[in-house]
Structure formats: structure tokens, C-alpha cells
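Step one of this worksheet: look at the structure below.
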Amino acid sequence: MHLFVDNFTNIDFSYLDIRRGLVGETWLVSITLEGLLDDQGMVCDFGTVKKTVRDWLDTYIDHCLVVPGQATGLHKEQTEHCSYINWLYQDSHNKDKRLHCNSPKQAITFIDSDTVTPESMANWCIQQLSLLLTDTIHKVKLSFAPERIEHAFYHYSHGLKKHVGNCQRIAHGHRSTIAITENGKRNHELETQWCAQWQDIYIGSQEDLTATTRNEGVEYYHFTYQARQGDFELMVAAEDCYLINTDTTVELIAQHIADTLGEQYPDREFVVKAYEGIGKGAVATNR
Numbered sequence: 001m002h003l004f005v006d007n008f009t010n011i012d013f014s015y016l017d018i019r020r021g022l023v024g025e026t027w028l029v030s031i032t033l034e035g036l037l038d039d040q041g042m043v044c045d046f047g048t049v050k051k052t053v054r055d056w057l058d059t060y061i062d063h064c065l066v067v068p069g070q071a072t073g074l075h076k077e078q079t080e081h082c083s084y085i086n087w088l089y090q091d092s093h094n095k096d097k098r099l100h101c102n103s104p105k106q107a108i109t110f111i112d113s114d115t116v117t118p119e120s121m122a123n124w125c126i127q128q129l130s131l132l133l134t135d136t137i138h139k140v141k142l143s144f145a146p147e148r149i150e151h152a153f154y155h156y157s158h159g160l161k162k163h164v165g166n167c168q169r170i171a172h173g174h175r176s177t178i179a180i181t182e183n184g185k186r187n188h189e190l191e192t193q194w195c196a197q198w199q200d201i202y203i204g205s206q207e208d209l210t211a212t213t214r215n216e217g218v219e220y221y222h223f224t225y226q227a228r229q230g231d232f233e234l235m236v237a238a239e240d241c242y243l244i245n246t247d248t249t250v251e252l253i254a255q256h257i258a259d260t261l262g263e264q265y266p267d268r269e270f271v272v273k274a275y276e277g278i279g280k281g282a283v284a285t286n287r
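Under full-length UniProt numbering, the sequence shown has 134 at position 134, and the numbering climbs by one with no breaks.
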């Protein structure tokens, strides 16, 4: 007998891609459990299992940087409290780039794969979760899928050092859409422009930029800050970053877009509805 729940939760995280670099992502999670019926006519107490699975995903995937542990060019180290990665990869234009991240251990998850895909992530998660679930459950299946978005969308990563929860992690992210209204009318062209500009972007706070270096013709930004969970460092190619002069909450991102559009077109009124993953976000206006 099978018990299933479609789209029972979603996860916001970032991962390393061998061509795209640092990618912010949001996936819906569906689960199927296989087992024998108990004396209640149930496969299991799904409330208990659902909490177990959701808590595990919240701990090891959600708001983490997911790293394919077998990726080519990856050097990684872990201590009792910290995780360190140094990665050499080629982007989609065959340009050699480096990415460095040093963070508290719980902020980085290594999966046993050379790439991060919905399938490789699901296989790894199932292996881990199978050790936690009761013997009455013979098989667990997880599947990950992006939200269906009709219009333009973008992938962004960021870190919120002032956040008391896991948003403080320096490299976590989202797959998001945006709605821009100009003088009361939806402007899909502007939405597409912003999404193209931010396709795989790290949105960084100017305050957290502590150094700029150049290595083999590539300029890099170094971001560092101390948060409640510990010390965070990230080095990423400057061309893959977008700097703003505030923190990078979705509220301030929406306001930044609205203000930028207002500066470009001072005689027009803009309303920006910026999403942070699925079904949540912020609305800002330039007036």
C-alpha cells in the first residue's frame, strides 16, 4: 500500500552547478511511503512521519548550500564546527572561475554525487531518511520539482547576517518571479529584463564586501560577516554578483528595484511585487 502527499513542503537553498556556478533554488517536495496497513488501516501515522521528514529537510537542505561532494575541481574540508570549500570550475562561457566558502558546519551539506539535480538530491535524501523511519515503512520516495511559473523568473543567492534564523547563512537562495506594474499596467518587458540580469546572481550587501581581488583575469568579491551561528566567508566572481547598499531582504530587494526604476523613469509610478521562493515576498513602490 502507498501513502502519498504531493507538494507537502518546499525548500529554499543554493547549490553548486558545474556550469552555472552558485545557483539559488526553490523546489516543491512530494513524498510517497510504502508499507503494510496497521490495525488502524493506515500505512503509518503520517503526522509523525511528515514532521520527521520536514524537520530533516529543514536541518540538512533548507537554507543550506548544497555541494556535490564528488564534483571535479572541488576541495573540501570539515572540522567539528566548520565547513570549507574551494572550487575551480568552468562557467557556460568556458571561463575558469573559483568559488570559496567558509561557514559553520550546518550551513553546508555535501551530497554523494558529482552534480546536484532533483534526482541526485532525492536519491541522497532517501538514503538518509530511510535510517530514520520506522520498520513498518518499507520504502520512501521523495521527488523535487520547481514551481510552474508562467512568466519570467530568476535564481538568486544571498545571506542575511542580522537574521536570527537560517537566513543568516551567507549562501542560500531562491527561485523567484517578479511582477512590475508601471502606471497601473503590468510591464512584462521590465520583468524579463530584471530576470535576465539576475538569472544566476549573488545579491550582496555593499557593507559585507570586505575585499576585491583578481586572479588569472577574473575579478572576485569577498564577502564576510559574523552572525549568530558563527563566521561566514564567501568569494565569488564579481560578474556573478549584484551589489546593493542595504541588506538583501526581499523587502529591500523590492524597494531597490522600485527605486531604480523610478530613477530611470522619474515621471512614472512603479509597484514591484518581488517573490522570495514560492507564495511569499514583498511589495514596494517608488512613490
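Quick reminder that beta carbons are idealized off the backbone N, C-alpha and C, glycines included. Every value quoted in this text rests on a predicted model; they were computed, and no experiment measured them.
Could you pull out every residue in the same chain whose Cβ sits closer than 6 Å to the Cβ of Ile-61, ignoring the five residues on either side in sequence? Ile-11 and Phe-13
Any chance the stretch 258 to 266 sits against the stretch 220 to 229, with 3 or more Cβ pairs inside 8 Å? no
Please report the Cβ distance between Tyr-220 and Ala-237, rounded to the nearest whole angstrom; I am assuming they are in contact, meaning their Cβ atoms lie under 8 Å. 6 Å
What runs of the beta strand (DSSP E), each 3 residues or longer, lie entirely inside the stretch 159 to 214? 172 to 182 and 200 to 205
Per-residue burial, Leu-22 [other beta carbons within 10 Å of its own, 16 or more giving buried]: buried
Among Gln-199, Tyr-84 and His-188, which one has its Cα closest to the Cα of Cys-241? Gln-199
What is the C-beta distance between Asp-114 and Gln-70, in whole angstroms, given that I count them as a contact (C-beta under 8 Å)? 4 Å
Our contact map puts Tyr-171 next to Cys-101 with C-beta atoms below 8 Å; I'd like the distance itself, whole angstroms only. Sequence check: residue 171 is Ala here, not Tyr. That belief holds up - the Cβ atoms of Ala-171 and Cys-101 are roughly 6 Å apart, short of 8 Å.
Distance, Leu-57 Cα to Phe-153 Cα: 24 Å
Out of Arg-19, His-151, Gly-73 and Glu-239, state which residue places its alpha-carbon closest to the alpha-carbon of Asn-94. Arg-19
Helix, strand or coil for Tyr-89, going by three-state DSSP, please let me know. strand
When DSSP labels each residue in this structure, what does Asp-62 get in the three-state scheme? coil
Which term fits Glu-80, buried or exposed, when burial requires 16 or more other beta carbons within 10 angstroms of its beta carbon? exposed
Quick check: what's the CA-CA separation for Leu-132 versus His-222? 39 Å
Sequence-distant residues of its chain with Cβ nearer than 6 Å to Val-5 (five each side left out): Ile-31
Quick check: what's the CA-CA separation for Gly-165 versus His-188? 34 Å
For Arg-54, does the three-state DSSP call read helix, strand or coil? helix
Using CA atoms only, rank isn't needed, just tell me which of Gln-255, Gly-279 and Arg-148 is closest to Phe-270. Gln-255
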